[in-house]
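Counted from 1, the sequence shown has number 136 at position 132 by the working numbering; the numbering is strictly sequential.
In this text, a Cβ means the ideal position worked out from N, Cα and C, and glycines have one as well.
Some notes on the structure that comes next.
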Amino acid sequence: MRPLYPSYCRLWGRILGVRGELQPSTLEALRTAGVGPSEFLSGFLGSLLLPFLPLLPLGLLAALGLLPFPWYLPLLSLLLSLLLGLLAYLYPFHLQNLRLREAREEAVNTVMILSFALHSRPDLRGAVLQAASGRGKLAEDLRRGMVEVDRRRYGSTRELLARLAGEWGKIDEGVRAALLDILRSTGEREEAMRLRDLSRAPERLLESREASLERELGQLVPLTSAFVVFGSLLIVAGIGLSPLFGMVGVGLGLRFFLSLCLLVLLSFWIFCLYAGGRRPPVLPSPELPRHRGGRLPALASALLFLLLSTPFLLGLRGSSLWVIWAAAGALCLYATLSLGPRAGLREAEERKLRDWEMAFSLMGSRMLDGRPMREALRETAELMRGSELSRELEEVVRAQERLGLGLEEAMLGRGRLGERVGSPLIRSFLGIILSLRRTSEQAAGRACMLAGEFLEMLRGVERRFRERMEESLGNLSLMATLLIPLVCSLSLWSVDLLSGISLTVRERAAAAGLGYPSLLPGLVEAGELVILRLVLGLTSLLLTLLLAWYLSTLRGGGEVEFLLTARRMVLASALVFTLSHLLLSALSL
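In structure tokens:
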């Protein structure tokens, strides 16, 4: 949707040309989305008007007696208008939140590199230049700031950090506190006090991350649970109890059911978009290569869907469940083919991060004992034999011995170990350690020990993050895989039961020569029930897919996490819907 939103707003801007004044915070969000104030206002107003446009020709045809005009159509148009207007209004703020969250996550690595570099050598300018080579907004601010320092627009690097601390205080209080700790360390005369302030910088930033996670998850999880329950009640009231409206002469047909399901899907998507943008920042994920599967996942999934849908296309009795399983199977196949080897790569990168923590500590210990770094690498590889990192360290040693490469080229050269490390933080640590080794093996050894401590701190916070996430999101995952398919199945059973009661009473009344009782539930035809079963089953899968995307967004795992979560939850949802439908159908016989 990101590339479509500016084009959509510009189109309405050319049609309506609405103008008005906006708040500075709104203008900042619009700059992130790439639209102007007039285009934004026109897109918002156009989204409100768009659902009512089809009512004009339909009303004219109904007035001429050519088509019936359903009474609920204006109500559905009003609801759709509100949802589309809300989406058009919130989307720029959603993009702004995504950018700020990414900046706050990447700032963790930048602060750690700053602290690590200053720990190893009290050179503020060199440390800032090292941190500025990373990713994220803070690294970009440091790069631009150092250019300004060289142009004499800032008096010193200290002044640059003080200015950035003030600016980042509006974005992330933890980053501000960490930058002030780093600044404070540069004024300490005692080495112990200087190192204490430098150690506090990443610690305070990570503590603020944990507090933010606890606070914001405590707000998001109850809000999401309430919304899911409300959406489920809407399905029950609008579809499951729809035959009861026939008792007051209000008929609801298949078009109403389909429209209601589409509105529920749209409302869930808007909520997931809004609430997902409020996810608290976690820790930056390792870089994983994109899987270039081309069109194979889509083509294979479409072929599987057509094959499994064949019984329904042939008109076999009870085959609508085959279409639901065809959709579930196609989604799972698409997720599996799109994942490729990346799921295993993510686990391998997580194991390698643990291995690097041990490797840095072992290398540092050997170097402090007086061994050169090449020898420390060989001994570390032997002690960690069996791990992927051990094999890579052995390659570094062999490259030195057989190819005559220097240690820095063997580790960080093209195609070497440094390029295969998924974590930018570890790559920066290696660069600083190798730079220190040029002057002192002992200093490089102490830097290795410090790198191990920093990684241990980071992994401890990451472990607590995951435990807190699983504790908070477990109930939401259960609701997505159990409550939603059960509600859809119960709604279908309720329609079937009430329609069956109405049909039985009418048949008996007709056999006895009596008129139809006025207070009878509405009758849904058998053919409509088949389509309704299909619609509700697919709605259940799509709602589960949306919540899988939402949960993966909260966990911060990116595309890989979404595909893994969707594959698991979609299968569970299809299974729950099928079993509950078959069980309820058996009970009503």
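*By DSSP, does Met377 sit in helix, in strand, or in coil?*
Position 373 of the sequence shown, counting from 1, holds the residue named residue 377. If DSSP states are grouped into helix, strand and coil, Met377 belongs with the helices.
*Which first and last residues belong to the alpha helix (DSSP H) in which Pro315 is found?*
To locate residue 315, count along the sequence shown from 1; it is residue 311. Segment Thr314 to Leu317, the alpha helix (DSSP H) holding Pro315.
*Is the beta carbon of Leu343 sitting closer than 7 Å to the one on Ser305?*
As a working mapping, residue 343 is identified with position 339 in the sequence shown. As a working mapping, residue 305 is identified with position 301 in the sequence shown. No, Cβ-Cβ distance for Leu343 and Ser305 is not below 7 Å.
*How would you label Lys174, buried or exposed, when you count the other beta carbons within 10 angstroms and need 16 or more for buried?*
Here residue 174 refers to the residue found at position 170 when the sequence shown is read from its first residue. Answer is exposed; the Cβ neighbour count stays below 16.
*What's the call for Trp75, buried or exposed, on a 16-neighbour Cβ count within 10 Å?*
Residue numbering aside, residue 75 sits at position 71 when the sequence shown is read from its first letter. The residue in question, Trp75, is exposed, as its Cβ has fewer than 16 Cβ neighbours within 10 Å.
*Is the CB-CB distance between Phe458 and Met116 below 7 Å?*
Within the sequence shown, numbered from 1, the residue matching residue 458 stands at position 454. Within the sequence shown, numbered from 1, the residue matching residue 116 stands at position 112. In this structure, Met116 lies closer than 7 Å to Phe458 by Cβ.
*Where does the unbroken alpha helix (DSSP H) through Arg108 begin, and where does it stop?*
Taking the first residue of the sequence shown as 1, we reach residue 108 at position 104. From DSSP, the alpha helix (DSSP H) with Arg108 extends over Leu77 to Ser124.
_Tell me which residues share the same chain as Gln404 and place their Cβ nearer than 8 Å to its Cβ, disregarding the 5 neighbours each side in the sequence._
Position 400 of the sequence shown, counted from the start, is the residue given in the question as residue 404. Here the set comprises Arg378, Gly410, Leu411 and Ala414.
*So what does DSSP say about Gly235, is it helix, strand or coil?*
As a working note, residue 235 is residue 231 in the sequence shown. In this structure, Gly235 counts as helix in the three-state DSSP scheme.
_Just to confirm my understanding: we take Trp553, look at its own chain, exclude 5 residues before and 5 after, and list those with CB closer than 6 Å. What are they?_
Taking the sequence shown and counting its residues from 1, one reaches residue 553 at position 549. Only Phe566 meet the Cβ criterion.
*Go ahead and pull the three-state DSSP assignment for Asp127.*
One-based indexing of the sequence shown puts residue 127 at position 123. In this structure, Asp127 counts as coil in the three-state DSSP scheme.
*Are Glu32 and Pro285 touching if we call contact CB-CB under 7 Å?*
If you number the sequence shown from 1, residue 32 lands on position 28. If you number the sequence shown from 1, residue 285 lands on position 281. No, Cβ-Cβ distance for Glu32 and Pro285 is not below 7 Å.
_Assigned exposure category for Asp176 - 16 Cβ within 10 Å defines buried_ = Looking up residue 176 in the sequence shown gives position 172. By the neighbour-count criterion, in which a residue is buried when 16 or more other Cβ atoms sit within 10 angstroms of its Cβ, Asp176 is buried.
*With DSSP as the reference, label Leu579 as helix, strand or coil.*
By one-based count along the sequence shown, residue 579 stands at place 575. Helix at Leu579.
*Since Leu52 is in the alpha helix (DSSP H), which residue starts that stretch and which ends it?*
Within the sequence shown, residue 52 is the residue found at index 48, counting from 1. Counting along the chain, the alpha helix (DSSP H) containing Leu52 begins and ends at Pro41 to Leu53.
*If we count Cβ pairs, one from each stretch, closer than 8 Å, do we get three or more for the segment 54-64 versus the segment 72-89?*
yes
_Cα-Cα separation between Ile243 and Ile488, rounded to whole angstroms_ = As a first step, residue 243 must be located in the sequence shown, where it is residue number 239. As a first step, residue 488 must be located in the sequence shown, where it is residue number 484. One C-alpha to the other measures close to 14 Å.
*Identify every run of the beta strand (DSSP E) within the segment 419-463, keeping only runs that are complete inside it and at least 3 residues long; order them along the chain.*
none
*asked:* Tell me the DSSP secondary structure of Glu474 in three-state form.
replied: Along the sequence shown, read from residue 1 onward, the residue named residue 474 stands at position 470. Helix.
*Is it the case that the Cβ atoms of Ser263 and Leu80 are separated by a distance below 7 Å?*
As a first step, residue 263 is located in the sequence shown; it is residue number 259 there, counting from the start. As a first step, residue 80 is located in the sequence shown; it is residue number 76 there, counting from the start. Yes. Within cutoff.
*Using a threshold of 7 Å, state whether the C-beta atoms of Ser46 and Gly89 are closer than that.*
As a first step, residue 46 must be located in the sequence shown, where it is residue number 42. As a first step, residue 89 must be located in the sequence shown, where it is residue number 85. Not closer than 7 Å, so no.
*Kindly indicate the opening and closing residues of the alpha helix (DSSP H) around Arg139.*
As a position in the sequence shown, residue 139 is number 135, starting the count at 1. Per DSSP, Arg139 belongs to no alpha helix (DSSP H) and is neither H nor E.
*Reducing DSSP to helix, strand and coil, say where Lys356 ends up.*
Within the sequence shown, residue 356 is the residue found at index 352, counting from 1. In this structure, Lys356 counts as helix in the three-state DSSP scheme.
*Start and end of the alpha helix (DSSP H) containing Arg188?*
Indexing the sequence shown from 1 puts residue 188 at position 184. Counted as a single uninterrupted DSSP element, the alpha helix (DSSP H) harbouring Arg188 occupies residues Glu177 to Thr190.
*How would you write the range of the alpha helix (DSSP H) that Tyr554 sits in, first residue to last?*
In the sequence shown, residue 554 corresponds to position 550, counting from 1. Note, Tyr554: alpha helix (DSSP H), Ala530 to Arg559.
*What is the DSSP secondary structure of Ser365, counted as helix, strand or coil?*
For this step, residue 365 is matched to residue 361 along the sequence shown. When DSSP states are grouped into helix, strand and coil, Ser365 belongs to the helix group.
*asked:* Arg537 and Ser324 - do their beta-carbons sit closer together than 7 Å?
replied: Locating residue 324 in the sequence shown gives position 320, counting from the first residue. Locating residue 537 in the sequence shown gives position 533, counting from the first residue. Against a cut-off of 7 Å, the Cβ pair of Arg537 and Ser324 comes out as a contact.
*Whole-angstrom Cβ separation of Pro428 and Arg147, contact assumed at under 8 Å?*
As a working mapping, residue 428 is identified with position 424 in the sequence shown. As a working mapping, residue 147 is identified with position 143 in the sequence shown. Incorrect: roughly 15 Å between the Cβ atoms, too far for contact.
*asked:* Taking 8 Å as the cut-off, does the segment 84-101 touch the segment 128-136 (at least 3 CB pairs, one atom from each stretch)?
replied: no
*Ser29: buried (16+ other C-beta within 10 angstroms of its C-beta) or exposed?*
Indexing the sequence shown from 1 puts residue 29 at position 25. The residue in question, Ser29, is exposed, as its Cβ has fewer than 16 Cβ neighbours within 10 Å.
*asked:* Just to confirm, is the Cβ distance from Arg283 to Leu558 under 7 Å?
replied: One-based indexing of the sequence shown puts residue 283 at position 279. One-based indexing of the sequence shown puts residue 558 at position 554. Result yes, Cβ atoms of Arg283 and Leu558 sit closer than 7 Å.
*Helix or strand or just coil, what does DSSP make of Val574?*
Taking the sequence shown and counting its residues from 1, one reaches residue 574 at position 570. Three-state DSSP puts Val574 in a helix.
*If you count every other CB in all the chains shown that lies within 10 Å of the CB of Pro226, and 16 or more means buried, which is it?*
Within the sequence shown, numbered from 1, the residue matching residue 226 stands at position 222. Exposed, because fewer than 16 other Cβ atoms sit within 10 Å of the Cβ of Pro226.
*Taking DSSP as the reference, what is the three-state secondary structure of Leu591?*
As a first step, residue 591 must be located in the sequence shown, where it is residue number 587. Helix, per DSSP.
*Which word fits Ser313, buried or exposed, when buried means at least 16 other C-beta atoms lie within 10 angstroms of its C-beta?*
If you number the sequence shown from 1, residue 313 lands on position 309. Buried, since its Cβ has 16 or more Cβ neighbours within 10 Å.
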